[in-house]
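One structure below.
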Amino acid sequence: MADINEFERMLSETRALLDQVRGGGTPPGAEDVEGHGAAADGKVKVVAGAGGELTSVELDPRAMRMPSEELADALRSAVNEALRELRSRSRAAETAIDPDVLAQGLRDAQDQGLRQMAAFTQSLDDLMTRIGSRDGGTPPSSR
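Numbering follows the working numbering, with no gaps: position 124 of the sequence shown is 210.
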């Protein structure tokens, strides 16, 4: 008879992947994805984290001498670059959840469950036959 622990493991892994896909969750390690952006010859540097929020803004002291419009433009440019890179890296991380792998996991879990159910049913049939033969052929349900 197939190992019930193996079946439970397969089912748990498949459920976790399915929950991740359903919830729009990120695959393991995707939380570490960052996007980096820089502008004004590196005087303005920005890092965007997995949540789409800025996690770091660095201004070189020389950036503070820039006219306010140029500094604002450099910040906007660096932020947009960081967000573009973040989106690109996030898409790459999301492909870690392969729908074909998920579907195969579901099929494997279903197949193993069916095999276990067939073995269980066969064991019950054998047991009922043995009980019936001991009692003179009368099945327990007709007594």
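By construction, the Cβ of each residue, glycine as well, lies at the ideal position given by its N, Cα and C atoms.
The same chain holds no residue with a CB closer than 8 Å to that of R101 once the five nearest residues on each side in sequence are set aside.
Fewer than three beta-carbon pairs drawn from the segment 202–214 and the segment 155–162 are found closer than 8 Å, and the two stretches are therefore not classed as touching. Fewer than three beta-carbon pairs drawn from the segment 193–203 and the segment 159–178 are found closer than 8 Å, and the two stretches are therefore not classed as touching. Shown here for E92: same chain residues with a beta carbon closer than 8 Å to its own, the five before and five after excluded, namely Q198 in chain order.
A residue is called buried once 16 or more other Cβ atoms fall within 10 Å of its Cβ, and L172 is buried on that count. DSSP, reduced to helix, strand and coil, places E139 outside both helices and strands of the structure shown, so it counts as coil.
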